[in-house]
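Q: Take the sequence shown: its letters are residues 43 to 153, numbered as in this note's numbering.
Below are the structure tokens for one structure; questions will follow.
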Amino acid sequence: MNITFSSQTLEDDCNNERLLRRKHGSDRANRIRRRLDDLRAAATLEDMRNLPGRCHELKGTRAGQLSLDLDHPYRLVFDPVDNPIPRKPDGGLNWTAIRNIRIIGVIDTHE
Numbered sequence: 043m044n045i046t047f048s049s050q051t052l053e054d055d056c057n058n059e060r061l062l063r064r065k066h067g068s069d070r071a072n073r074i075r076r077r078l079d080d081l082r083a084a085a086t087l088e089d090m091r092n093l094p095g096r097c098h099e100l101k102g103t104r105a106g107q108l109s110l111d112l113d114h115p116y117r118l119v120f121d122p123v124d125n126p127i128p129r130k131p132d133g134g135l136n137w138t139a140i141r142n143i144r145i146i147g148v149i150d151t152h153e
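Right under this line is the structure:
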């Protein structure tokens with residue numbers, strides 16, 4: 043899967059282990075790196091359904107975004123950026139056709 047980032051700072055943090063550890067601590071940094079590696083290795087978003095940890099679509103003000111569990115309550119939040127965004131007839135995301143995502147951040151989605 044192709045990955046972009048919502049900001050240069052976020053991209054720098056995610057691609058520099060020292061910065062990632064300083065900002066998130068060792069455990070969460072390892073989880074973030076593992077999840078980014080999983081996303082990079084996936085051909086489509088559908089591949090993420092078969093891996094440990096939960097990948098799911100968000101609702102409410104974050105509708106259209108997805109999250110990957112890190113350590114509670116933190117999630118790696120991203121959105122599809124395929125053009126147009128692949129949708130199923132019911133309006134949901136077509137996970138089998140999503141090949142491009144943008145990382146929004148490491149967020150506590152419960153706030």
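Even glycine gets a Cβ: it sits at the ideal position worked out from N, Cα and C.
Would you say residue 141 and residue 46 are within 8 Å of each other, going by their C-beta atoms?
A: Counted from its first residue, the sequence shown places residue 141 at position 99. Counted from its first residue, the sequence shown places residue 46 at position 4. Against a cut-off of 8 Å, the Cβ pair of residue 46 and residue 141 comes out as no contact.
Q: Pick helix, strand or coil for residue 74, following the three-state DSSP scheme.
A: Your numbering for residue 74 matches position 32 in the sequence shown. Looking at residue 74 - three-state DSSP - the assignment turns out to be helix.
Q: Out of curiosity, what's the CA-to-CA distance linking residue 54 and residue 65?
A: Taking the first residue of the sequence shown as 1, we reach residue 54 at position 12. Taking the first residue of the sequence shown as 1, we reach residue 65 at position 23. Each residue's alpha carbon lies about 12 Å from the other.
Q: Kindly indicate which three-state DSSP category residue 68 falls into: helix, strand or coil?
A: Translated into the one-based positions of the sequence shown, residue 68 becomes position 26. In this structure, residue 68 counts as helix in the three-state DSSP scheme.
Q: Hey, how far is the Cα of residue 80 from the Cα of residue 91?
A: Indexing the sequence shown from 1 puts residue 80 at position 38. Indexing the sequence shown from 1 puts residue 91 at position 49. Cα-Cα distance, rounded: 11 Å.
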